[in-house]
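Residues in the sequence shown are numbered from 12 upward in steps of one, following our numbering. Below is one structure, written out as structure tokens; the observations come after it.
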Amino acid sequence: MNFIQNIYLLLLVVLLITCSVEMKKSEAELFHYPIPFYQQQEGSKNGGFTGIKTERFTLITNNEGPWILYDRLIDPDQVNNLAGLDEYIFIQLDLQRQLNDLIRKNEPLWFIQNYSFYDAKYPD
């Protein structure tokens, strides 16, 4: 396959596999892109990412890397990662909880097998 065919395949995969939840304006949206075409290596668990998007924030992760948190109100280009900063920790934890709830609600079994969000600990 040439590069153009790979791009078309990627777009098709994204359209077919992306999980979206119908939502009201105030609710969060789950998004998931499991396997970018450039990382489709046999046996690899790398490459995909999932996240949650609210009216203001975007939280993204994959099964290997750190969390990424953007405040689109003050950073519309989503350049500055706020994950782990003290002033955003409770927002991050709340978004992680919402993400877990959406994942459980939609029950993508392949996701549960490859990711460990269910083991996350949250403050009481």
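Backbone N, C-alpha and C define an ideal beta-carbon position, used for all residues, glycine too. Being a predicted model, the structure only gives us computed values, none of them experimental.
Leaving out five residues on either side along the sequence, give the residues of the same chain with a beta carbon under 7 Å from the beta carbon of residue i.
i    : result
Q103 : L70, W78, L80 and A94
Got a sec, what are the start and stop residues for the beta strand (DSSP E) residue i sits in?
i   : result
D86 : Taken as a continuous stretch (DSSP letters only), D86 belongs to no beta strand (DSSP E), as it is neither H nor E.
G62 : F60 to K64
L70 : F68 to T72
Evaluate residue i with the Cβ neighbour count: other Cβ atoms within 10 Å of its Cβ, from every protein chain shown; 16 or more gives buried, anything less gives exposed.
i    : result
N73  : buried
G76  : exposed
R115 : exposed
Excluding the 5 residues preceding and the 5 following residue i in the sequence, name in chain order all residues of the same chain whose CB lies nearer than 6 Å to its CB.
i    : result
N92  : I79
L110 : I63
E33  : The predicted position of E33 is uncertain, since its pLDDT is 41 and thus under 50; a value taken from the coordinates is nonetheless stated next. Excluding residues within five positions, none has a Cβ falling inside 6 Å.
T65  : A39
Alpha carbon to alpha carbon, how far is residue i from residue j?
i    : j    : result
R67  : V90  : 14 Å
D105 : D88  : 22 Å
N113 : F101 : The sequence given here places Leu at residue 113; Asn does not occur at that position. Between L113 and F101, the C-alpha separation is close to 18 Å.
E98  : Q107 : 16 Å
I'd like the list of long-range same chain contacts for residue i, defined as Cβ closer than 8 Å, with 5 residues on each side in sequence excluded.
i   : result
R83 : R67, F68, T69 and Q89
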